[in-house]
Amino acid sequence: MTKPIFIVGTGRCGSTAFHKILAPHPQLMWLSGFAEEFPRKPEWNRWAVTAVGNPVLRRLLGTRIKPGENYGFWYSHAYGFAEPGRDLVRSDVTPRVKKQVRSVIERMLTPHRSRLLVKLTGWSRIGFLNEIFEDAKFIHIVRDGRAVASSLLHINSWQWRGWYGPYSWRYGPLSPEDQATWEASDRSFVALAGLQWRIHTRAIEAARQALDPSRFLEVRYEPFCEDPLGTCRRVVEFAELEPSESFEQHVKSSLIEDRISRWRTDLSTEQQALLTDLLREDLQRYGYDVSRPG
0 MTKPIFIVGT
10 GRCGSTAFHK
20 ILAPHPQLMW
30 LSGFAEEFPR
40 KPEWNRWAVT
50 AVGNPVLRRL
60 LGTRIKPGEN
70 YGFWYSHAYG
80 FAEPGRDLVR
90 SDVTPRVKKQ
100 VRSVIERMLT
110 PHRSRLLVKL
120 TGWSRIGFLN
130 EIFEDAKFIH
140 IVRDGRAVAS
150 SLLHINSWQW
160 RGWYGPYSWR
170 YGPLSPEDQA
180 TWEASDRSFV
190 ALAGLQWRIH
200 TRAIEAARQA
210 LDPSRFLEVR
220 YEPFCEDPLG
230 TCRRVVEFAE
240 LEPSESFEQH
250 VKSSLIEDRI
260 SRWRTDLSTE
270 QQALLTDLLR
280 EDLQRYGYDV
290 SRPG
C-alpha cells in the first residue's frame, strides 16, 4: 500500500461533489456502502468497487456502490476516529489501531485499484492519519466560509453540531477567544456556524505544517465548479495517478450544481456582514472577496 489519498474539509464545502468526480479514476479504491454495513469484510467492499464497471451488478446493488465517508467502517477499526471532540493527532494512534487499520485497508486493494481514496469532514485528522500512513497525500477542499455557514444553517442535521449550542456539540468546548466572540454576537447561530468553519480550517492549517508541501494540495471549490477538468488534471498530477482518458471523459460528462453564490440570497445583508467581519482574516488567506455587502 502506497500513498493513500485523503480528502479533507469542513463539511458543506463541496467535498462530496469532488469525491464523486474523483472516485471513478481506475486506480482508486474507496469506501462504498459495503464498508459501512460490513466493516469487517473488506473483501466485500473490494468486490463491490471492482464491480462498478459491470452495468448489471450496478443496477442490482444500486446506491450501495457509491463513494461516501461511511464512518461505520472507522468505528470498527479506529476507535473514536469518527466523532472526536478535538482534532486527532499522531499521539492518539496506538500500535494496535495502526496495525489493524493498515491491515484491513490492504485487504481491500487490488493490483489495478491499488490507491486508497478516503473523504473525511469536520476535524482533519491529518496528524493521526500521517502517523498511520507516512506517505499519504492530503487534498483540502476549501469553500467560502460564508457559504459553508449558510449551508449549515439550512440543514436539520446541524442539530447535534450547532443548534444545541457549543456546550453539547461534538467539536469540544470553544476556546476563550471564540467563546467571547460568540457571546459578543448575542449567541448568534449565524456566528456559531461561521466559527465552526473557522475552527476546522485553522485546524487543517495547523496540521498541514507537519507535512512536506508535496503531500498537501489546496483545492478551492469555486474554481473546481468552473473548471472541473482542469482541477482534476491538477489533482491527478499531485496524487501521482496515471492519466486516464476514460476518467477525463467521466469528468467532462459530470454535472456539478452551481451553488457558489446561493449564500448571498439565503442570508440577509446583516447576516452576510456579520460573517464577513467575523471571518475576514481567514477569508482573505484563501483569496475571497471580503468587501461588505451593500
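Quick note on numbering that gives the first Met the number 0: the sequence shown kicks off at 0 and runs consecutively.
Beta carbons are placed, not taken as given, at the ideal position from N, Cα and C, and that holds for glycine.
Quantities reported herein were computed from a predicted structural model and do not represent experimental measurements.
Would you identify the three-state DSSP class for T109, choosing helix, strand or coil?
As a working note, residue 109 is residue 110 in the sequence shown. Correct three-state label for T109: coil.
Which residue spans inside the segment 204–231 form an unbroken beta strand (DSSP E) run of at least 3?
Runs of the beta strand (DSSP E) inside the segment 204–231: 215–219.
Per DSSP, which one or two residues make a beta bridge with L115?
In the sequence shown, the residue the question calls residue 115 occupies position 116. Answer is M28, bridged to L115.
Would you kindly check if the distance between the Cβ of V88 and the Cβ of V141 is under 8 Å?
The sequence position of residue 141 within the sequence shown is 142, counting from 1. The sequence position of residue 88 within the sequence shown is 89, counting from 1. Not a contact, by the Cβ cut-off of 8 Å.
Hey, could you find the ends of the beta strand (DSSP E) V7 is sitting in?
Translated into positions along the sequence shown, residue 7 becomes position 8. Taken as a continuous stretch (DSSP letters only), the beta strand (DSSP E) holding V7 covers 4–8.
Going by alpha carbons, who is nearest to F137 out of S252, P54, I4, S167?
Indexing the sequence shown from 1 puts residue 137 at position 138. The shortest Cα separation from F137 among S252, P54, I4, S167 belongs to I4.
Could you say if the segment 11–23 and the segment 106–126 meet the contact criterion of at least three C-beta pairs nearer than 8 Å?
Yes, they touch.
Check for me: the alpha helix (DSSP H) holding V289 runs from which residue to which?
Residue 289 sits at position 290 when you count from the first residue of the sequence shown. Run containing V289: none; DSSP gives neither H nor E here.
So, using beta-carbon positions, are R197 and D288 closer together than 8 Å?
Residue 197 sits at position 198 when you count from the first residue of the sequence shown. Residue 288 sits at position 289 when you count from the first residue of the sequence shown. The answer is no: Cβ separation not under 8 Å.
Entirely within the segment 17–80 and at least 4 residues each: give me those alpha helix (DSSP H) ranges in chain order.
Counting whole runs of 4 or more residues, the segment 17–80 contains the alpha helix (DSSP H) stretches 32–36, 41–49, 54–60, 70–76.
Under a three-way DSSP split, which group does F132 fall into?
In the sequence shown, the residue the question calls residue 132 occupies position 133. DSSP places F132 in coil when its eight states are reduced to three.
Exposed or buried, what is A179 when buried is set at 16 or more other beta-carbons lying within 10 Å of its beta-carbon?
Counting from 1 along the sequence shown, the entry for residue 179 is found at position 180. So A179 counts as exposed.
I need the straight-line Cα distance from T200 to E36, nearest angstrom please.
Against the sequence shown, residue 200 aligns to sequence position 201. Against the sequence shown, residue 36 aligns to sequence position 37. Answer to the nearest angstrom: the Cα atoms are 30 Å apart.
Can you tell me whether DSSP reads H249 as helix, strand or coil?
Along the sequence shown, one-based indexing puts residue 249 at 250. It is helical.
Just to confirm my understanding: we take P110, look at its own chain, exclude 5 residues before and 5 after, and list those with CB closer than 8 Å. What are they?
Working through the sequence shown from its first residue, we reach residue 110 at position 111. Closer than 8 Å at the Cβ level, and outside the excluded window around P110, lies no residue.
For L210, collect the residues of the same chain with a Cβ closer than 8 Å to its Cβ; drop the 5 residues on either side in sequence, then sort them by chain order.
Mapped onto the sequence shown, residue 210 falls at position 211. So the qualifying residues of the chain are I125, N129, F137.
Assuming S149 and D265 form a contact by the criterion Cβ under 8 Å, report the distance between their Cβ atoms to the nearest whole angstrom.
For this step, residue 149 is matched to residue 150 along the sequence shown. For this step, residue 265 is matched to residue 266 along the sequence shown. With a Cβ gap of about 5 Å, S149 and D265 count as contacting.
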